[in-house]
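Participant: All the letters of the sequence shown, read from the start, carry residue numbers 3 to 297 under this note's numbering. For glycine and all other residues, C-beta sits at the position ideal for the given N, C-alpha and C.
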Amino acid sequence: FVLIGVGGKNGSGISLLVDSSDDSLEAEMTQLDLSSSMKSEAAQETQPETPTVEAQAVLSELTSIASSAADLANDRGDLVASGPSATGAEAAAAALASGSMSESPSSSGDQGYGASFFGTYAPGQRFVFVIDSSSSMLQGTRWPTLRRELTRAIRGLSPDQEFFVISFDIGAHPMFNKLPPVGKFLPPTDESLYRLNKWLNGIQHQGSTCPASSIGIALRLKPDAIFLLSDGEIQDTTIQELRLHNRTESQQSKRKVAIPIHTVLLHSPIGAGPLKTIADENDGVFTPVSQFAGR
Numbered sequence: 003f004v005l006i007g008v009g010g011k012n013g014s015g016i017s018l019l020v021d022s023s024d025d026s027l028e029a030e031m032t033q034l035d036l037s038s039s040m041k042s043e044a045a046q047e048t049q050p051e052t053p054t055v056e057a058q059a060v061l062s063e064l065t066s067i068a069s070s071a072a073d074l075a076n077d078r079g080d081l082v083a084s085g086p087s088a089t090g091a092e093a094a095a096a097a098l099a100s101g102s103m104s105e106s107p108s109s110s111g112d113q114g115y116g117a118s119f120f121g122t123y124a125p126g127q128r129f130v131f132v133i134d135s136s137s138s139m140l141q142g143t144r145w146p147t148l149r150r151e152l153t154r155a156i157r158g159l160s161p162d163q164e165f166f167v168i169s170f171d172i173g174a175h176p177m178f179n180k181l182p183p184v185g186k187f188l189p190p191t192d193e194s195l196y197r198l199n200k201w202l203n204g205i206q207h208q209g210s211t212c213p214a215s216s217i218g219i220a221l222r223l224k225p226d227a228i229f230l231l232s233d234g235e236i237q238d239t240t241i242q243e244l245r246l247h248n249r250t251e252s253q254q255s256k257r258k259v260a261i262p263i264h265t266v267l268l269h270s271p272i273g274a275g276p277l278k279t280i281a282d283e284n285d286g287v288f289t290p291v292s293q294f295a296g297r
């Protein structure tokens, strides 16, 4: 804030206080006390004198300092409103870590070259999103929430990064119904998103939660990371298949994870066990996402 008031010995000085502090920065204050050279009897005259050139220059300089300080505070984000925002972000991070996240968090946008889906970050250039499209995904806001966050994740990619989407119920449904190598990664352009949303609009929600075949397709694409989202208990051999097919032999003859798999449990109290196991065994992160109360 900027405060200009009367100061000095006879109330004839000008005092400027500039404060660009907030909760996250140490207080930085500059106080200027300029004593007026005007004589006290001149201040008592009925007709005020026209300010001298020197006085006008001083006032102009003070105004410039105040404006610069305010601009600096805005540029650095040093606004009073930033305090509660930071507190909210910390609370969201804590809720996510404890598995009680009320809604999907936004990607931070400053984690580097990679992708972020429901707050989980993965480095790399190519990503496959394996999403549940079974009938239970029509409950509540599950499907709209998924589509919103999928769009957010893709829009967050750089122009030279690529994505591929596979939906699953009792079987696998690759993007545009084209299996690799006919089905290929796409760049995150507006045209790609238009085609993706058109394909998502035509999905028929039916069947059970069986992602094994979709995961198999994703592994063959050899992405830098896989994001697997479901709202229920996995009902096939996905865990066992990954133990066999998502491993590579290292120089020490030890089997290592080939592709990290991050898992998301969306708006559901069941299914956490298998999804957490998949993430734990495949160098991934398990993220439970719950609804706002009352939804």
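If you follow the beta strand (DSSP E) that residue 218 is part of, which residue opens it and which one closes it?
Facilitator: The residue you call residue 218 lines up with position 216 of the sequence shown. Looking at the DSSP string, residue 218 is not in any beta strand (DSSP E); the run it does join, the alpha helix (DSSP H), is 214 to 223.
Participant: Mapping the DSSP letters down to three states, classify residue 270 as helix, strand or coil.
Facilitator: Along the sequence shown, read from residue 1 onward, the residue named residue 270 stands at position 268. If DSSP states are grouped into helix, strand and coil, residue 270 belongs with coil.
Participant: Helix, strand or coil: which one does DSSP assign to residue 159?
Facilitator: Working through the sequence shown from its first residue, we reach residue 159 at position 157. It is coil, neither helix nor strand.
Participant: Starting from residue 240, trace the alpha helix (DSSP H) in both directions and tell me its first and last residue.
Facilitator: Mapped onto the sequence shown, residue 240 falls at position 238. Start and end: 240 to 247.
Participant: Under 7 Å, do residue 227 and residue 126 count as touching if we go by C-beta distance?
Facilitator: For the purposes of this step, residue 227 is identified with residue 225 of the sequence shown, where counting begins at 1. For the purposes of this step, residue 126 is identified with residue 124 of the sequence shown, where counting begins at 1. For residue 227 and residue 126, yes; Cβs fall inside 7 Å.
Participant: Can the beta-carbon of residue 234 be found closer than 7 Å to that of residue 211?
Facilitator: The residue you call residue 234 lines up with position 232 of the sequence shown. The residue you call residue 211 lines up with position 209 of the sequence shown. Yes, Cβ-Cβ distance for residue 234 and residue 211 is below 7 Å.
Participant: Could you tell me if residue 66 is buried or exposed, where buried requires 16 or more neighbouring beta carbons within 10 angstroms of its beta carbon?
Facilitator: By one-based count along the sequence shown, residue 66 stands at place 64. Only weak support exists for where residue 66 lies, its pLDDT of 48 falling under 50; the value from the coordinates is given anyway. It is exposed - the Cβ of residue 66 has fewer than 16 other Cβ atoms within 10 Å.
Participant: So for residue 120, helix, strand or coil by DSSP?
Facilitator: Mapped onto the sequence shown, residue 120 falls at position 118. Note: residue 120 maps to coil in three-state DSSP.
Participant: Got a sec, what are the start and stop residues for the alpha helix (DSSP H) residue 134 sits in?
Facilitator: The residue labelled residue 134 in the question sits at position 132 within the sequence shown. Taken as a continuous stretch (DSSP letters only), residue 134 belongs to no alpha helix (DSSP H), being part of the beta strand (DSSP E) at 128 to 134.
Participant: Determine the DSSP secondary structure at residue 151, reduced to helix, strand or coil.
Facilitator: On the sequence shown, position 149 is the one that residue 151 refers to. The answer is helix: DSSP assigns residue 151 an H, G or I state.
Participant: Please classify residue 235: does DSSP put it in a helix, a strand, or coil?
Facilitator: Numbered from 1 along the sequence shown, position 233 holds the residue referred to as residue 235. Reduced to three states, the DSSP call for residue 235 is coil.
Participant: Can you tell me which of the three DSSP states residue 265 falls into?
Facilitator: Position 263 of the sequence shown, counting from 1, holds the residue named residue 265. Note: residue 265 maps to strand in three-state DSSP.
Participant: Do the CB positions of residue 229 and residue 131 come within less than 7 Å of each other?
Facilitator: Indexing the sequence shown from 1 puts residue 229 at position 227. Indexing the sequence shown from 1 puts residue 131 at position 129. A contact, by the Cβ cut-off of 7 Å.
Participant: Determine, using beta carbons only, whether residue 213 and residue 240 come nearer to each other than 7 Å.
Facilitator: Position 211 of the sequence shown, counting from 1, holds the residue named residue 213. Position 238 of the sequence shown, counting from 1, holds the residue named residue 240. For residue 213 and residue 240, yes; Cβs fall inside 7 Å.
Participant: DSSP on residue 146, reduced to helix/strand/coil?
Facilitator: The sequence position of residue 146 within the sequence shown is 144, counting from 1. Helix, per DSSP.
Participant: Counting beta carbon pairs with one atom in the stretch 169 to 184 and one in the stretch 144 to 160, are three or more of them shorter than 8 Å?
Facilitator: Because the criterion of three Cβ pairs below 8 Å is not met, the stretch 144 to 160 and the stretch 169 to 184 do not touch.
Participant: Helix or strand or just coil, what does DSSP make of residue 205?
Facilitator: Translated into positions along the sequence shown, residue 205 becomes position 203. Coil at residue 205, not helix or strand.
Participant: How is the beta strand (DSSP E) around residue 176 delimited, first residue to last?
Facilitator: Numbered from 1 along the sequence shown, position 174 holds the residue referred to as residue 176. It spans 174 to 176 - the beta strand (DSSP E) in which residue 176 sits, taken as one unbroken run.
Participant: Which residues share a DSSP beta bridge with residue 194?
Facilitator: One-based indexing of the sequence shown puts residue 194 at position 192. Note: residue 194 sits in no beta bridge, so no partner.
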